[in-house]
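Residue numbers (the working numbering): 25 to 457. Step one of this worksheet: look at the structure below.
Written out as structure tokens, the structure reads:
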């Protein structure tokens with residue numbers, strides 16, 4: 025049978041920074057006691073083992089449970105090659121696993137090769153498997169904040185039944201874009217598609233329709249009447265409402281512009297859409313001009329402001345928002361009766377019922393234009409697949425961050441484009457299933 029191969033890259037400085045912040049608690053989430061002793065204070069060895077264990081997980085076929093990182097031990101054999109030992113009672117028990125690890129001072133790269141897991145291991149290998157040579161000294165304990173292996177409270181991937189079809193996975197309708205901001209419409213709609221939504225419809229002003237109809241081959245793009253070139257306004261309401269018919273979730277706002285007539289449109293449109301909504305970017309800026317309306321809008325809404333947008337919505341200085349991110353997000357989620365996603369390093373997701381989740385990972389690779397549009401679409405796509413707003417927000421933020429971390433490892437902290445996230449999101453989802 026053909027063996028399975030997995031490859032992973034880990035950024036050595038990121039592993040070193042996690043150790044600096046969390047010490048041995050971080051190491052004990054993915055290393056055995058013997059590995060910790062062998063690695064001593066070497067970030068290169070830590071990162072090499074992280075990459076190797078990720079590579080082993082990536083080599084596992086879909087539907088086969090992956091061993092936890094701490095259920096795999098990698099130490100040098102007598103000839104210096106990495107020797108893999110697996111804890112008993114895992115899907116790899118009794119099987120040979122070969123890994124190769126290299127590093128260049130900034131990245132550690134690992135390749136893992138495992139046999140076809142649908143074959144039955146030889147009985148003699150089960151008796152004397154690497155995983156049964158001796159008990160492994162695994163340490164347990166709570167996952168530290170910042171550990172990318174920890175799934176935040178509220179994280180949940182949508183069901184993906186084998187007999188599902190595009191109708192099973194929901195329809196997302198996105199209202200976005202204006203002249204100069206066609207990219208926001210593209211990124212938000214493709215974020216919804218990459219979340220796994222069955223159908224994505226994008227509504228755009230008539231004059232920018234040709235651009236997006238050509239750009240978005242997997243999205244149904246529909247033109248709506250405009251009040252001026254590239255601008256949708258109150259006169260567009262009836263056409264937009266027709267576009268939202270049958271939606272399971274919606275996204276309103278990325279790049280839509282701030283015309284006064286657009287604000288009137290938003291204020292009348294949102295209460296008349298039955299589906300749960302993500303309100304992002306320009307929609308938030310428009311609503312900040314009429315804050316009193318927020319508590320009166322439907323409850324099944326996710327607001328996704330960055331700190332400056334949050335400050336405008338809450339009538340606070342941005343510095344005040346940043347000084348108490350958790351507190352202000354929770355307070356206004358209750359006051360507005362909405363799920364709030366306060367973006368930035370250490371994104372806060374707060375629900376009206378008092379639940380608050382801090383996303384455990386962040387990366388400067390996501391600090392570029394358009395990544396927030398992808399996130400808005402991602403959350404909308406998860407809601408279309410029947411995740412409640414809070415769970416969709418937590419899950420979307422975490423998937424978005426992990427995709428960013430993967431891109432940081434492969435491309436670096438600078439130069440990652442928002443569109444780079446799109447193919448990475450389903451890879452992260454599959455890794456976590």
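Idealized CB from N, CA, C, for every residue including glycine. Here the structure is a predicted model, which means the values were calculated and not measured.
Unbroken alpha helix (DSSP H) run spanning residue i, endpoints
i	result
residue 278	First-last for residue 278: undefined, no H or E at that position.
residue 396	395-408
residue 443	442-456
residue 411	Residue 411 -> no alpha helix (DSSP H), and no H or E assigned at all.
residue 200	It is not in any alpha helix (DSSP H) - residue 200 carries neither H nor E in the DSSP assignment.
residue 261	261-268
residue 191	Element bounds for residue 191: n/a, residue is neither H nor E.
residue 184	Per DSSP, residue 184 belongs to no alpha helix (DSSP H) and is neither H nor E.
residue 237	233-239
residue 312	Residue 312 -> no alpha helix (DSSP H), and no H or E assigned at all.
Which listed residue (the options) has its alpha carbon closest to that of residue i
i	options	result
residue 232	225, 254, 213 and 211	254
residue 242	302, 222, 306 and 81	222
residue 17	69, 175, 176 and 179	Nothing about residue 17 can be reported from this structure: the residues present for the chain run from 25 to 457 only.
residue 275	317, 325, 320 and 318	325
residue 90	30, 71, 38 and 39	30
residue 34	356, 244, 126 and 382	126
residue 347	336, 288, 399 and 331	331
residue 56	412, 381 and 95	95
residue 206	247, 402, 362 and 456	247
residue 291	304, 258, 428 and 279	258
residue 455	181, 26 and 37	181
residue 416	43, 268 and 302	302
residue 37	26, 74 and 59	74
Helix, strand or coil at residue i according to DSSP, with G and I counted as helix
i	result
residue 101	coil
residue 247	strand
residue 421	helix
residue 106	strand
residue 38	helix
residue 136	strand
residue 131	strand
residue 126	strand
residue 434	helix
residue 56	coil
residue 175	coil
residue 352	helix
residue 306	helix
residue 286	helix
residue 206	helix
residue 215	helix
residue 30	strand
residue 227	strand
residue 252	strand
residue 439	coil
residue 11	Absent from the model: residue 11. The displayed extent of the chain is 25 to 457, so no value can be given.
Straight-line gap, residue i to residue j (C-alpha atoms, nearest Å)
i	j	result
residue 370	residue 387	9 Å
residue 225	residue 272	11 Å
residue 406	residue 190	14 Å
residue 394	residue 211	7 Å
residue 217	residue 100	44 Å
residue 442	residue 364	22 Å
residue 53	residue 249	55 Å
residue 3	residue 256	The requested residue 3 does not occur in the structure, where the chain is confined to residues 25 to 457.
residue 154	residue 377	Confidence is the limiting factor: at residue 154 the pLDDT is only 39, short of 50, which leaves the residue's position unreliable and the question unanswerable from this model.
residue 51	residue 213	39 Å
residue 83	residue 28	5 Å
residue 97	residue 72	12 Å
residue 337	residue 283	17 Å
residue 251	residue 230	10 Å
residue 137	residue 430	21 Å
residue 78	residue 32	6 Å
residue 342	residue 111	50 Å
residue 373	residue 353	7 Å
residue 215	residue 109	39 Å
residue 279	residue 445	19 Å
residue 345	residue 128	41 Å
residue 317	residue 285	16 Å
residue 178	residue 139	35 Å
residue 414	residue 440	28 Å
8 Å contact criterion, which residue i and residue j should meet: CB distance rounded
i	j	result
residue 76	residue 123	5 Å
residue 398	residue 426	About 13 Å separates the two Cβ atoms, so there is no contact after all.
Where the beta strand (DSSP E) through residue i begins and ends
i	result
residue 345	Here residue 345 belongs to no beta strand (DSSP E); instead the alpha helix (DSSP H) covers 342-347.
residue 386	Here residue 386 belongs to no beta strand (DSSP E), and DSSP marks it neither H nor E.
residue 90	Element bounds for residue 90: n/a, residue is neither H nor E.
residue 373	372-374
residue 336	Looking at the DSSP string, residue 336 is not in any beta strand (DSSP E); the run it does join, the alpha helix (DSSP H), is 331-338.
residue 325	325-327
residue 366	363-366
Test: residue i CB closer than 7 Å to a CB of chain B
i	result
residue 437	Although the question refers to chain B, the structure presented lacks it and comprises just one protein chain.
Near the ligand PLP: residue i beta-carbon under 6 Å from a heavy atom
i	result
residue 273	Looking for the ligand PLP in the displayed structure turns up nothing, as the structure carries no ligands at all.
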